[in-house]
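Inspection log for the structure reproduced underneath, given as structure tokens.
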Amino acid sequence: MAMFYGLMIFMLIAAIIAVETKNLLSSVICIGAIGFGASLMFLFLRAPDIAITQIVVEVLGLIILIRATIARDLTFISGDREFFNTVVSVVIVLVILITGMHIFEQLPAFGSPVFAETAGAASQTYISQGLKQTGAANIVASVILDYRAYDTLGEATVLFTSIIGATVILRDKSKKLLEVEN
Amino acid sequence: MKGMTIIVKTISSWVKVLIFLFGIYIILFGHLTPGGGFAGGVILASSYVLVMLAFGKEFVEENLPSSIASKLDCAGAFLFAMIAILGLVFGGTFFVNFIYQKYLPGEALNLISAGTIPLSNIAIGLKVGASLFLVIFTLSTFRPKEKE
Numbered sequence: 015m016a017m018f019y020g021l022m023i024f025m026l027i028a029a030i031i032a033v034e035t036k037n038l039l040s041s042v043i044c045i046g047a048i049g050f051g052a053s054l055m056f057l058f059l060r061a062p063d064i065a066i067t068q069i070v071v072e073v074l075g076l077i078i079l080i081r082a083t084i085a086r087d088l089t090f091i092s093g094d095r096e097f098f099n100t101v102v103s104v105v106i107v108l109v110i111l112i113t114g115m116h117i118f119e120q121l122p123a124f125g126s127p128v129f130a131e132t133a134g135a136a137s138q139t140y141i142s143q144g145l146k147q148t149g150a151a152n153i154v155a156s157v158i159l160d161y162r163a164y165d166t167l168g169e170a171t172v173l174f175t176s177i178i179g180a181t182v183i184l185r186d187k188s189k190k191l192l193e194v195e196n
Numbered sequence: 054m055k056g057m058t059i060i061v062k063t064i065s066s067w068v069k070v071l072i073f074l075f076g077i078y079i080i081l082f083g084h085l086t087p088g089g090g091f092a093g094g095v096i097l098a099s100s101y102v103l104v105m106l107a108f109g110k111e112f113v114e115e116n117l118p119s120s121i122a123s124k125l126d127c128a129g130a131f132l133f134a135m136i137a138i139l140g141l142v143f144g145g146t147f148f149v150n151f152i153y154q155k156y157l158p159g160e161a162l163n164l165i166s167a168g169t170i171p172l173s174n175i176a177i178g179l180k181v182g183a184s185l186f187l188v189i190f191t192l193s194t195f196r197p198k199e200k201e
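Residue numbers (this note's numbering), protein chains in the order written: chain S, 15 to 196; chain L, 54 to 201.
Structure below.
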């Protein structure tokens with residue numbers, strides 16, 4: 015349990031540095047550190063599937079994406095914060111904190127999922143019948159690709175649509191054609 | 054972007070093969086060990102992104118042009134939808150695991166088991182890898198024109 019608190023404090027420090035630093039690259043690296051902390055947490059909570067996905071997406075989707083797309087290595091952010099913006103953010107954070115504390119009091123204790131105690135819950139069926147009904151040893155794979163395959167189809171559709179949007183908005187050819195016509 | 058120094062180029066030319074193999078392993082064994090199509094596809098894309106960072110965009114453009122990458126992306130999406138529709142044709146329900154239930158039950162914990170799940174993993178891995186590579190490639194080639 016102490017390990018989770020240590021990881022949480024590490025992630026909080028990294029988040030504060032990521033917000034406060036002036037250098038864009040070091041800010042991105044700090045956000046990567048938050049992702050690695052979250053990945054370690056998933057690993058210690060015995061969810062290796064999520065840990066692998068988290069670490070891989072964090073590395074590729076954030077750090078390398080920023081490194082590959084920014085033109086210069088050194089991008090400094092200058093300028094003072096406005097007073098009004100700071101007040102609004104502090105108020106919003108306080109509201110979320112108070113609401114969250116009230117909500118967390120209602121939740122069951124850490125490590126005792128609600129669905130484990132409910133009779134006839136779907137998760138119990140997946141755990142006890144998953145290997146027999148789908149033949150996959152990895153229960154996560156049997157859930158996302160057999161029981162809940164519609165979910166995966168929707169996720170694939172979202173990814174496909176985002177690729178179409180990125181390639182259409184950022185294409186070069188139409189701009190050249192427009193320049194020729196003008 | 055012309056690429057990095059010769060040290061980075063040498064190391065990445067060795068490491069890229071291992072990363073690619075690891076991605077293939079994660080995809081193929083997705084139904085037995087942690088991992089699966091999505092994580093494996095991202096690892097496949099990251100091996101190409103490593104080459105792109107080390108050798109420059111032009112090198113990758115010659116090896117894997119964006120037209121072929123988009124075709125791979127479409128092929129992955131088509132395969133995944135086809136598996137679902139074949140379930141409707143042969144098993145009677147959309148997305149039913151018809152191979153496991155009717156034709157090839159296989160033995161649990163073996164590589165050839167679980168019917169359509171490994172096939173779906175391969176399709177999703179192809180799709181996710183190609184599309185994430187395409188996103189990073191498109192974003193890195195795009196430079197906003199400076200206004201004069």
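Positions of the beta carbon are idealized from the N, C-alpha and C atoms, including for glycine.
CA-to-CA, the gap between residue 154/S and residue 122/S works out to about 23 angstroms. Note that the region 173-182 of chain S touches the region 174-191 of chain L; at least 3 beta-carbon pairs, one per stretch, sit closer than 8 angstroms. When Cβ-Cβ separations below 8 angstroms define contact, residue 164/S makes contact with chain L.
In terms of Cβ geometry, residue 129/L and residue 180/L form a close pair [threshold 8 angstroms]. The C-beta of residue 16/S has fewer than 16 other C-beta atoms within 10 Å across all chains shown, which makes the residue exposed. When DSSP states are grouped into helix, strand and coil, residue 166/L belongs to the strand group. In the three-state DSSP reduction, residue 37/S falls in the strand class (E or B). Within the model, the alpha-carbon separation for residue 93/L versus residue 159/L is close to 23 angstroms. Looking from the CA of residue 162/L, the closest CA among 72/L, 69/L and 87/L belongs to 87/L. Ranked by how close their Cα comes to the Cα of residue 154/L, the residues 57/S, 27/S, 146/S and 62/S have 146/S in first place. Against residue 173/S, the close residues of chain L are 180, 181 and 184, in the order they occur along the chain (beta-carbon pairs closer than 8 angstroms). Interface annotation, residue 149/S: in contact with chain L, CB-CB separation under 8 angstroms. With a contact defined as Cβ atoms closer than 8 angstroms, residue 72/S and residue 53/S qualify at about 7 angstroms.
If you ignore the 5 residues before and after residue 50/S, its C-beta comes within less than 8 angstroms of the C-beta of 69 and 72, all in its own chain and listed in chain order.
Using a Cβ-Cβ cut-off of 8 angstroms, residue 151/L does not count as an interface residue toward chain S, since no Cβ of chain S sits closer than that to its own. Residues of chain S with a Cβ closer than 7 angstroms to the Cβ of residue 118/L do not exist; the shortest Cβ-Cβ separation is about 13 angstroms. In the three-state reduction of the DSSP assignment, residue 179/S falls in the helix class. Assigned with DSSP and collapsed to three states, residue 93/L falls in helix. DSSP lists 166/L as the bridge partner or partners of residue 159/L. The distance from the Cβ of residue 82/L to that of residue 170/S is about 20 angstroms, inconsistent with a contact at the 8 angstroms cut-off.
In the displayed model, residue 149/L falls within coil according to three-state DSSP, outside both helix and strand.
Residue environment analysis places residue 165/S among the exposed positions, since fewer than 16 neighbouring C-beta atoms fall within 10 angstroms of its C-beta. Secondary structure note for residue 104/S: its alpha helix (DSSP H) is the uninterrupted segment 97-120. With respect to the C-alpha of residue 63/L, the residue from 104/L, 98/L, 75/L and 175/L having the closest C-alpha is 104/L. Residue 91/L holds the alpha-carbon nearest to the alpha-carbon of residue 158/S among 140/L, 91/L and 187/L.
By the CB criterion at 8 angstroms, residue 78/S and residue 43/S fall outside the cutoff. It is roughly 18 angstroms from the alpha-carbon of residue 69/L to the alpha-carbon of residue 66/S. Interface annotation, residue 67/S: in contact with chain L, CB-CB separation under 8 angstroms.
Close partners of residue 73/S in chain L (Cβ separation under 9 angstroms): 95 and 99.
Between the alpha carbons of residue 45/S and residue 134/S lies a gap of roughly 40 angstroms. Taking CB atoms only, residue 145/S has a neighbour in chain L less than 8 angstroms away. At least one C-beta of chain S is nearer than 8 angstroms to the C-beta of residue 133/L.
In this structure, the alpha-carbon of residue 168/L lies about 18 angstroms from that of residue 131/L. Cβ-Cβ separation between residue 167/S and residue 137/L: approximately 7 angstroms, consistent with a contact (criterion under 8 angstroms).
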